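Enquirer: In our numbering, the protein residues as written are 9 to 357. In this text, a Cβ means the ideal position worked out from N, Cα and C, and glycines have one as well. As the structure is a computational prediction, the values presented were derived from the model and not from experiment. Structure below; questions to follow.
Next comes the structure, spelled out in structure tokens:
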């Protein structure tokens with residue numbers, strides 16, 4: 009969630025002045041080395057203009073036709089978009105004030121899309137949809153209560169045939185909701201955890217049964233994702249103004265192999281960058297920015313997603329998608345980056 013940014017005594021409010029470029033709001037240089045990559049594509053802009061609207065993406069990989077993958081993206085003022093890998097809008101569903109989004113392929117039950125529904129700021133809900141890959145459309149299948157508070161972040165966790173959602177409430181409460189998606193969906197809160205202050209972004213690693221959550225002004229935390237697991241968090245990355253510059257925002261994993269290989273990525277919103285950690289030992293690897301090239305740079309990123317695997321020409325090693333908070337002269341959108349470009353820039357090849 010983007011906030012007012014203070015730099016050198018000046019309050020920079022997130023709006024665009026006529027005649028100003030996106031680089032006019034760029035923060036000071038980072039105190040640690042930061043690599044650069046360029047986007048290879050971008051989505052069409054969301055429909056809500058002149059507002060902080062685009063928020064979070066979720067990637068679906070088509071295993072039979074990698075180039076036919078899809079991206080679901082939120083417009084938190086209006087609903088959900090579905091884009092193809094060229095960035096073309098394929099569909100839109102009016103879903104109200106949905107903030108974060110995640111998806112899982114549940115086999116016979118279909119591709120389930122879950123969004124944090126903050127239409128009622130006193131009562132959190134999880135909005136559920138099915139994604140039809142043939143038509144690139146979403147069908148609403150119902151909403152599930154997630155307890156009191158304003159729903160901010162969401163991430164799904166599949167353990168065998170069981171699907172649960174972690175709903176991150178604005179005040180730092182995290183509820184694990186066991187979902188029943190047979191017929192009319194229902195949910196049951198099986199566990200509640202708590203961080204101290206405003207939190208949002210989250211991601212799960214189903215190989216290692218771990219949950220990662222971003223506490224915006226504090227940093228990045230790791231939990232046991234199993235319903236019977238230890239509820240106490242372990243901090244693995246601090247918003248210290250070096251590796252992460254607050255807000256600590258979107259979180260995703262780039263899982264490599266069947267063990268604990270791969271990387272954890274988090275949006276360092278305060279300096280338009282992304283920090284990277286090893287999943288195997290939580291060790292810091294480096295950081296990067298998406299710089300201007302054939303497509304614009306990204307600024308003040310909220311949500312991110314990554315997926316390793318073949319996504320067709322341009323993205324044969326995997327795909328990273330980031331929300332762009334300034335996409336002048338149009339509304340906000342999402343930028344597409346080859347995972348191979350990120351690994352090369354960070355010396356991870």
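1. Can you check the region 34-119 for any alpha helix (DSSP H) of at least 4 residues that lies completely inside it and give the ranges in chain order?
2. With a threshold of 8 Å, are at least 3 pairs of Cβ atoms found where one atom belongs to the region 119-129 and the other to the region 97-111?
3. Mapping DSSP to helix, strand and coil, what is residue 351?
4. With contact counted as at least three CB pairs below 8 Å, one residue from each stretch, are the region 160-169 and the region 208-215 in contact?
5. Is the CB-CB distance between residue 201 and residue 182 below 8 Å?
6. Comparing C-alpha positions only, which one of 147, 168 and 129 sits nearest to residue 153?
7. Where does residue 31 land, buried or exposed, given buried means 16+ other C-beta within 10 angstroms?
8. Cα separation between residue 60 and residue 270?
9. Can you tell me where the beta strand (DSSP E) with residue 343 in it begins and where it stops?
10. Among 288, 244 and 62, which residue has its Cα nearest to the Cα of residue 338?
11. Measure from the alpha carbon of residue 91 to the alpha carbon of each residue in 78, 101, 83 and 84, then state which is nearest.
12. In or out: residue 340 buried (at least 16 other Cβ within 10 Å) or exposed?
13. Measure the beta-carbon distance from residue 268 to residue 230 and round it to whole angstroms, keeping in mind my assumption that it falls under 8 Å.
14. Residue 178 lies in the beta strand (DSSP E); which residues open and close that run?
15. Can you give me the Cβ contacts of residue 50 inside the same chain, cut-off strictly under 6 Å, excluding the 5 residues immediately before and after it?
16. Could you pull the DSSP bridge partners for residue 332 from this structure?
17. By DSSP's criteria, residue 275 is part of a beta bridge. Which residues make up the other side?
18. Distance, Cα to Cα, residue 146 vs residue 101?
19. Between residue 264 and residue 64, what straight-line distance do the alpha-carbon atoms span, to the nearest angstrom?
20. Where do the N-terminal and C-terminal ends of the beta strand (DSSP E) with residue 298 fall, by residue?
21. Near residue 353, which residues of its chain fall below 8 Å by C-beta distance, leaving aside the five closest residues on each side in sequence?
Expert: According to the data block:
1. none
2. yes
3. helix
4. Touching, yes, given that three or more Cβ pairs across the two stretches are closer than 8 Å.
5. A contact, by the Cβ cut-off of 8 Å.
6. By alpha-carbon distance to residue 153, the top candidate from 147, 168 and 129 is 129.
7. Note on residue 31: pLDDT 41, under 50, position unreliable in the model; the coordinate value appears next. With fewer than 16 other Cβ atoms within 10 Å, it is exposed.
8. Their backbone Cα atoms lie some 31 Å apart in a straight line.
9. 341-346
10. Checked all of 288, 244 and 62; the closest Cα to residue 338 is 62.
11. 78
12. buried
13. Not a contact, Cβ separation roughly 12 Å.
14. It is not in any beta strand (DSSP E) - residue 178 carries neither H nor E in the DSSP assignment.
15. 95, 303, 341 and 343.
16. DSSP lists 341 as partners of residue 332.
17. 282
18. 7 Å
19. 22 Å
20. 292-299
21. 43, 44, 45 and 296
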